[in-house]
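J.: The structure follows.
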Amino acid sequence: MGVELKGARSLIPVDDSLEELTRLAETAGIDVLGKTTQALERPYAATYIGPGKIEEIKILVEELKVDVIIFDDELSPRHQRELEKIFGEDIKIIDRTALILDIFALHANTHEGKLQVELAQLEYRVPRLTRLWTHLARQAGGRAGGSTGGVGVRGPGETQLETDRREIGHRISAIKKDLEDVRAHRERHRTKRQQTELQVVAIVGYTNAGKSTLLNRLSDAGVLSADMLFATLDPTTRKVKMPGGREVLFTDTVGFIQKLPTEIVAAFRATLEEIAEADLLLHIVDATHPNAIAQIDAVEDILAELEVDQMPMVTALNKADLLPAGRDPIRELDIEGPAVVVSAATGQGMEALLTAVEAVMVQSMKPLQIRLPYKRGDLLSLFYERGQVDSEEHAGDGVVVYGRLPARLIPYFEPYLLTNA
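What follows is the structure, given as structure tokens:
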């Protein structure tokens, strides 16, 4: 069930959004039997959709033997409660957020991933708990009222609700503590990794754009690659040799999607920090998708939310093997900045992509001039391995080097700095 709100900002048309919702449902193992939409000035306060549309859906439910109704937008607790009353306990009402959370629960494999999904699910459910117990409260209230007049009596349903809230609160606190421990471990791992001074490329993109396939192509990473939404959730980091000879770490991250639940962004913030710590973003775009521009916008919105939208970026327009001859997706999609047309499936454009990534990395390095004592051959080797040497001059008191270095390496060379542009 999709709703088109007049005047509201929408990345893709409601029909296309329902196509995406269909793929999400299929990923969760749900058979989609029908779709319907409604255009509204604003959602109905109680039921989100209008009474006429509700009657129409009732007929479809009966005809198609439906047992789940999925809404393309997030329902408020009140909307969900009222719709469940109308359609009855045999019909499950869920929204896009609940569906995505369910998919994440299916695909989380690591301990951290499972904790993140459970936290997101619990925080989503807390304001919706009342719907689970209102029928008990009504029954209990009627019985209690018969014996006491209904004054100052709390029914067992209400008690159960409070108990449920308290238990969920305890579980949320425990998960957050566990995630802080995982985060601390990740930070120690990241610090240790940075001591190797390898630069990091974070692969970002809309779900199913081909991020995992690309990482497999570049590094033989063995990451699950499937034609489904959110096939992989847990980050994978692999070492890749660049055309210039240096090695770089490529990290695959969770896929993005329009209307990505805020609970997911919050719960996966520790994982998404891998993006913030990167030296460059590699944005993978499915160049064949009819809503490629909207998908690019959705990714950029989330990068802005994570405050990493100003980082250096290279765009890889993927699935070139499926494009009609003569198509120029770089021009059609109006891509700004460095972009390469590639096929992660066939390997087309991989060398050109790595060359573009390396060029942007060099451009983002800091220019500097240093004089190294001859006894610091280790630093000279580090400069050549991790930086870009433009010239080298031998003097009586050491080697003068002009070039560029990643910002994180500058502190090692500060004692020998001549100028820092």
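When we follow our numbering, the leftmost residue of the sequence shown carries the number 5, and every step to the right adds one. Ideal Cβ positions, reconstructed from N, Cα and C, are used throughout, including at glycine.
Mapping the DSSP letters down to three states, classify VAL18 as helix, strand or coil.
T.: Mapped onto the sequence shown, residue 18 falls at position 14. Helix, per DSSP.
J.: Applying the criterion that 16 or more other CB atoms from any shown protein chain within 10 Å of the CB defines a buried residue, is ALA178 buried or exposed?
T.: Within the sequence shown, the letter at position 174 stands for residue 178. With fewer than 16 other Cβ atoms within 10 Å, it is exposed.
J.: Looking at C-alpha atoms only, which residue of THR266, LEU264 and ALA282 is the closest neighbour of ASP256?
T.: The residue given as residue 256 occupies position 252 in the sequence shown. That would be ALA282, whose Cα lies nearest to the Cα of ASP256.
J.: Which residue or residues does DSSP assign as beta-bridge partners of ASN322?
T.: The sequence position of residue 322 within the sequence shown is 318, counting from 1. ASN322 is bridged to ASP290.
J.: Could you please give the first and the last residue of the uninterrupted beta strand (DSSP E) stretch that includes SER216?
T.: Against the sequence shown, residue 216 aligns to sequence position 212. Looking at the DSSP string, SER216 is not in any beta strand (DSSP E); the run it does join, the alpha helix (DSSP H), is 215-223.
J.: If you draw a straight line from the C-alpha of TYR406 to the C-alpha of GLY400, how long is it?
T.: Here the question's residue 406 lines up with position 402 in the sequence shown. Here the question's residue 400 lines up with position 396 in the sequence shown. If I take the Cα positions, the gap works out to 17 angstroms.
J.: Go to LEU357, then tell me how far its alpha helix (DSSP H) extends in each direction, as first and last residue.
T.: Position 353 of the sequence shown, counting from 1, holds the residue named residue 357. Its alpha helix (DSSP H) spans residues 354-368.
J.: Classify GLN42: buried if its beta carbon has 16 or more other beta carbons within 10 angstroms, exposed otherwise.
T.: Counting from one through the sequence shown, the residue named residue 42 turns up at place 38. Per the 10 Å Cβ criterion, buried.
J.: Helix, strand or coil for ARG82? Go by DSSP, reduced to three states.
T.: For the purposes of this step, residue 82 is taken as residue 78 along the sequence shown, with counting starting at 1. Helix, per DSSP.
J.: Which same chain residues, not among the five before or five after LEU136, have their C-beta less than 8 angstroms away from its C-beta?
T.: Taking the sequence shown and counting its residues from 1, the one referred to as residue 136 is at position 132. Unreliable positioning characterises LEU136 in this predicted model, as indicated by a pLDDT of 46, which lies under 50. A coordinate reading is not provided.
J.: When we look at the beta-carbon of LEU68 and count the other beta-carbons within 10 Å, is it buried (16 or more) or exposed?
T.: Within the sequence shown, numbered from 1, the residue matching residue 68 stands at position 64. When all chains shown are included, LEU68 counts as exposed.
J.: Please work out which residues of its chain come closer than 6 angstroms, Cβ to Cβ, to LEU285, disregarding the five sequence neighbours upstream and downstream, and give them in chain order.
T.: Within the sequence shown, the letter at position 281 stands for residue 285. Contacts found: ALA206, VAL208, MET315 and MET317.
J.: Using CA coordinates, which residue listed in ALA102, ARG187 and GLY54 is at the minimum distance from GLY117?
T.: In the sequence shown, counting from the first residue as 1, residue 117 sits at position 113. Taking only the C-alpha atoms, the option nearest GLY117 is ARG187.
J.: Could I get the ranges of all uninterrupted beta strand (DSSP E) runs contained in the segment 53-103, with 3 residues as the minimum, in chain order?
T.: The qualifying runs are 72-75 and 96-99.
J.: For the alpha helix (DSSP H) holding GLU45, just list the boundary residues, first then last.
T.: Looking up residue 45 in the sequence shown gives position 41. No alpha helix (DSSP H) contains GLU45, which DSSP labels as neither H nor E.
J.: Residues bridged to PHE254 by DSSP?
T.: Taking the first residue of the sequence shown as 1, we reach residue 254 at position 250. VAL205 and ARG242.
J.: Alpha carbon to alpha carbon, how far is GLU23 from GLU30?
T.: Position 19 of the sequence shown holds residue 23. Position 26 of the sequence shown holds residue 30. If I take the Cα positions, the gap works out to 11 angstroms.
J.: Around the Cβ of VAL289, are there at least 16 other Cβ atoms within 10 angstroms (buried) or fewer (exposed)?
T.: In the sequence shown, the residue the question calls residue 289 occupies position 285. Burial call: buried.
J.: Please state the DSSP three-state secondary structure of GLN164.
T.: For the purposes of this step, residue 164 is identified with residue 160 of the sequence shown, where counting begins at 1. In the structure shown, GLN164 sits in a helix (DSSP, three-state: H, G or I).
J.: Since VAL121 sits in a beta bridge, which residues does DSSP pair it with?
T.: Translated into positions along the sequence shown, residue 121 becomes position 117. None; VAL121 has no bridge partner.
J.: What does the Cβ neighbour count give for ILE16, buried or exposed, with the cut at 16 atoms within 10 Å?
T.: As a working mapping, residue 16 is identified with position 12 in the sequence shown. Answer is buried; the Cβ neighbour count reaches 16.
J.: In whole angstroms, what separates the C-alpha of VAL403 from that of PRO415?
T.: On the sequence shown, residue 403 is found 399 positions in, with the first residue counted as 1. On the sequence shown, residue 415 is found 411 positions in, with the first residue counted as 1. For VAL403 and PRO415, the distance between alpha carbons rounds to 18 angstroms.
J.: List the whole-angstrom C-beta distance separating VAL7 from LEU37, where the pair is believed to meet the contact cut-off of C-beta under 8 angstroms.
T.: Start at 1 with the first residue of the sequence shown, and residue 7 comes out as number 3. Start at 1 with the first residue of the sequence shown, and residue 37 comes out as number 33. Not a contact, Cβ separation roughly 19 angstroms.
J.: Return the residue from the list GLY92, LYS215, LEU321 and ALA12 that minimises the CA-CA distance to GLU340.
T.: Along the sequence shown, one-based indexing puts residue 340 at 336. It is LEU321.
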